[in-house]
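J.: First to last, the sequence lines map onto chains A and B. The opening residue of the first sequence carries number 244 in our numbering; numbering runs sequentially from there. The opening residue of the second sequence carries number 1425 in our numbering; numbering runs sequentially from there.
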Amino acid sequence: AQKVTQAQTEISVVEKEDVTLDCVYETRDTTYYLFWYKQPPSGELVFLIRRNSFDEQNEISGRYSWNFQKSTSSFNFTITASQVVDSAVYFCALSELNNAGNMLTFGGGTRLMVKP
Amino acid sequence: SQTIHQWPATLVQPVGSPLSLECTVEGTSNPNLYWYRQAAGRGLQLLFYSVGIGQISSEVPQNLSASRPQDRQFILSSKKLLLSDSGFYLCAWSVGDSNQPQHFGDGTRLSIL
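The structure is reproduced here in structure tokens:
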């Protein structure tokens, strides 16, 4: 069965620091998809990125970057020059190919607090 | 573009009262629909999902139920609320294959007194 582990339950940084959120997954499928979501204090989950298992290119979007390493089953998320608005809970999730209903397996989340 | 509406935003209910939370999606057809619950400071728990009208799958046995009377409408109900039903309830939708993300509503904060 699939599993997603976010070992860091809470991280606190000072504004402008870089921070990396870890995500480790387990799956028996060779084709799968990984996602990151952001949950700000208002509560809604915001989709950030999707990565296919056959595409190991890292991705950068502004201050956000994602490092996908199949060899270590990790999909880590780095925020460069963090800002107070980055304070949120971040969830990593996994979807296996052909699962009925597009089910996602979520990690437990990492609460990021960015202090001014 | 697709949008998802969830209401009410907050709700305070006494123990033993009924519950009805509604979620509707606009701008897409035959979406997969989901209800999640999030306890304070905790992760997401999938409660129900639906791949079509009248098709409901339950992930966790409890006193909650779900219905999908229309293609883009998903309702979460209870006949008698328990204290343990308190939490943040999120509705989500997705379309297409398993490579597509789920998109979430703004959530309902439910407090049971």
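For each residue, glycine too, the CB sits at the ideal point set by N, CA and C. Since we're looking at a predicted model, the values are computed, not measured.
1. List the residues that DSSP assigns as beta-bridge partners of Thr263/A.
2. Taking C-alpha atoms, which residue in Ala250/A, Leu288/A, Gly305/A lies nearest to Ser325/A?
3. Closer than 6 Å by C-beta to Phe320/A: which residues in its own chain qualify, once you throw out the five before and the five after it? Chain order, please.
4. Figure out for me which residue from Leu1507/B, Gly1520/B, Phe1498/B, Ala1516/B has the closest Cα to the Cα of Leu1534/B.
5. Distance, Cα to Cα, Asn301/A vs Ser1481/B?
6. At the level of alpha carbons, what is the spacing between Leu1537/B and Arg294/A?
7. For Glu258/A, I'd like the list of residues in its chain whose CB is within less than 7 Å of its CB, leaving aside the five on either flank, ordered along the chain.
8. For Thr273/A, name the three-state secondary structure that DSSP assigns.
9. If you draw a straight line from the alpha carbon of Ser1491/B to that of Thr353/A, how long is it in whole angstroms?
10. Kindly indicate the opening and closing residues of the beta strand (DSSP E) around Lys246/A.
11. Taking the DSSP output, what are the residues bridged to Val1484/B?
T.: To lay it out plainly:
1. Thr321/A
2. Gly305/A
3. Leu264, Trp279, Trp309
4. Leu1507/B
5. 36 Å
6. 42 Å
7. Ser325, Gln326, Val327, Val357, Lys358, Pro359
8. coil
9. 32 Å
10. 246 to 248
11. Note: Val1484/B sits in no beta bridge, so no partner.
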